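Under the working numbering, the letters of the sequence shown match residues 10 to 129, in that order.
What follows is a short report on a single structure.
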Amino acid sequence: MAAAHPTTDTDRDRVVLAVSLEVRVPGSGTGDGGEAGDQAGGADNGTVWSGSYLLDLEGDEQESAMARCVSRPLALGVRHILDGSLSPGLSRAAGTAPRSEEWLRELRDQGLEFTLRAAG
């Protein structure tokens with residue numbers, strides 16, 4: 010395949026990542042007498058919030074999109090370990106909404122822009 014479709018110096022890689030989340034409250038669906046509050050899309054299914062984040066990056070002359078997606082979050086993690094705001098070792102997630110928002114803001118400032126699409 011590489012022989013049939015050789016790359017050139019002007020070719021750029023692309024990284025696309027989509028993550029979706031739907032939040033439902035027990036007892037708020039159809040027929041159970043619960044109140045769902047602000048339901049996503051107006052559906053009476055107990056969904057109180059749904060949304061997705063989209064990351065769509067294209068590499069440039071200085072850096073590939075894949076390198077940017079790996080090196081920038083890694084550097085962010087190292088900085089937080091060094092300043093004491095993050096413990097060394099494996100972390101599953103940010104842990105709190107404010108920390109998550111902080112990390113997404115820091116990544117955006119480093120060129121990793123996520124687009125939020127909320128339905129509710």
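All C-beta atoms, glycine included, are put in the ideal place defined by N, C-alpha and C.
Just so we're clear, the structure is a prediction, and the values are computed from it rather than from any experiment.
Per DSSP, which residues does D65 bridge with? Please list them.
By 1-based counting over the sequence shown, the position of residue 65 is 56. According to DSSP, which records beta bridges pairwise, D65 is partnered with V25.
Beta carbon of S73, beta carbon of E31: below 7 Å?
Counting from one through the sequence shown, the residue named residue 73 turns up at place 64. Counting from one through the sequence shown, the residue named residue 31 turns up at place 22. No, the Cβ-Cβ distance between S73 and E31 is not below 7 Å.
Can you tell me the Cβ-Cβ gap for G55 and R33, rounded? I've got them flagged as a contact below 8 Å.
For the purposes of this step, residue 55 is taken as the residue at position 46 of the sequence shown. For the purposes of this step, residue 33 is taken as the residue at position 24 of the sequence shown. So it is a contact: roughly 4 Å between Cβ atoms.
May I ask you to report which of helix, strand or coil DSSP gives E122?
Position 113 of the sequence shown, counting from 1, holds the residue named residue 122. If DSSP states are grouped into helix, strand and coil, E122 belongs with coil.
Name, in chain order, the residues that DSSP records as bridge partners for V32.
In the sequence shown, residue 32 corresponds to position 23, counting from 1. V32 pairs with W58.
Excluding five sequence neighbours on each side, which residues of the same chain lie with their C-beta closer than 6 Å to the C-beta of H89?
Position 80 of the sequence shown, counted from the start, is the residue given in the question as residue 89. L95, listed in sequence order.
Using DSSP bridges, identify the partner residues of A127.
The residue labelled residue 127 in the question sits at position 118 within the sequence shown. The partner list for A127 (beta bridge, DSSP) reads G60.
Just the C-alpha distance for S29 and L63, rounded to the nearest angstrom, thanks.
Stepping through the sequence shown from its first residue, residue 29 is reached at position 20. Stepping through the sequence shown from its first residue, residue 63 is reached at position 54. The straight-line gap from Cα to Cα measures roughly 9 Å.
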